[in-house]
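In this text, residue positions in the sequence shown follow full-length UniProt numbering: the first is 1, and each later residue adds one.
Beta carbons: idealized from backbone N, C-alpha and C, even for Gly.
Since the structure is predicted, the reported quantities are computational estimates derived from the model, not experimental observations.
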Amino acid sequence: MEISLFLIGLTPSDVGKLNRLVIPKKHAVKYLPLINEDQNEREEGEIVEDVEVVFYDRTMRQWKFRYCYWRSSQSFVFTSGWKRFVKEKNLKERDVIVFYTCDLEGQSNNFLMIDVHYYSEDDSVVTGKKVNESVHYSSEGQVKTQNFVNSKLKQDEAKPVEENKGGFMLFGVKIQ
């Protein structure tokens, strides 16, 4: 089951040469790992200055971003990994990035997902309502994705495992 966390409309600086995505503070502190805003408040092992955050897209491709706090601008940002995501997803100004958490029933491992809603010229502005309509929210606020994750997992389970060669398949990648 996917639960929408927040969305960000991209600005020219988000997809330009700055190679970073600013995460609004209210979303950063609520949904992302706690990082150090003030080095004087740091207690050993509790807060770090930057972390690697891992997301999966709709094809279950893994995306890793360095997530940190910039004291100079008092901003929470994704830095390393963001430029590659922008380039490979062909992101432009006005596209919308949607962040989810994915909780699998009967599984203890939850993970984060990232999705792109591309701006179209026939809509002058992509609003939150438009995005919500396009991802089909249920009455409980959960996102219906035609059971994409469950069907992907079932496909992986249905694939024969080549035991004689060692290793296993994880998200479509053979691990030796």
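(message) My output table needs one value for M1: the three-state DSSP class, helix, strand or coil.
(response) In the three-state DSSP reduction, M1 falls in the coil class, being neither helix nor strand.
(request) Count the other C-beta atoms from every protein chain shown that fall within 10 angstroms of the C-beta of V86, then say buried if there are 16 or more, exposed otherwise. (result) Within 10 angstroms of the beta-carbon of V86 lie 16 or more other beta-carbons, which makes it buried.
(request) Report the option in E121, F6, Q74, L112 whose CA atom is closest to the CA atom of D103. (result) Just measuring C-alpha positions, the residue of E121, F6, Q74, L112 sitting nearest D103 is L112.
(message) Looking at L21: is its Cβ nearer than 8 Å to the Cβ of V77?
(response) Against a cut-off of 8 Å, the Cβ pair of V77 and L21 comes out as a contact.
(request) Please classify S13: is it buried, with 16 or more other beta-carbons within 10 angstroms of its beta-carbon, or exposed? (result) Classification of S13: exposed, given that the 10 Å Cβ count is below 16.
(request) Any chance you could list the beta strand (DSSP E) runs of at least 3 consecutive residues sitting entirely within the UniProt domain "TF-B3" (6-120), in chain order? (result) Runs of the beta strand (DSSP E) lying entirely within the UniProt domain "TF-B3" (6-120) and spanning at least 3 residues, in chain order: 21-23, 50-56, 62-70, 75-78, 96-102, 111-117.
(message) Quick check on this structure: which residue in N109, F6, G16 has the alpha carbon closest to the alpha carbon of W82?
(response) If we check each option's Cα against that of W82, G16 comes out closest.
(request) Note down the Cα distance separating N90 from T79, rounded to an integer number of angstroms. (result) For N90 and T79, the gap between their C-alpha atoms comes out near 17 Å.
(message) Taking 6 Å as the limit between beta carbons, can you name the residues of its chain near P33, skipping five residues before and five after?
(response) Result list for P33: V51, in chain order.
(message) If you measure between the beta carbons of D122 and V98, is that distance less than 8 Å?
(response) No, the pair does not count as a contact, with Cβ atoms beyond the cut-off.
(message) Y31 and Q55 - do their beta-carbons sit closer together than 8 Å?
(response) The question names Gln, but residue 55 is Phe in the sequence shown. No; because the gap between Cβ atoms is not below 8 Å, this pair is not in contact.
(request) Give every residue of the same chain whose Cβ lies closer than 7 Å to the Cβ of Y118, excluding the five residues on either side of it in the sequence, and list them in chain order. (result) Closer than 7 Å at the Cβ level, and outside the excluded window around Y118, lie D95.
(request) Please report how far the alpha carbon of S75 lies from the alpha carbon of S108, in whole angstroms. (result) Cα to Cα, the separation comes out at about 32 Å.
(request) Excluding the 5 residues preceding and the 5 following C68 in the sequence, name in chain order all residues of the same chain whose CB lies nearer than 7 Å to its CB. (result) Within the same chain, and ignoring the five residues on either side of C68 in sequence, the residues whose Cβ sits closer than 7 Å to its Cβ are I35, E49, D50, V77, T79.
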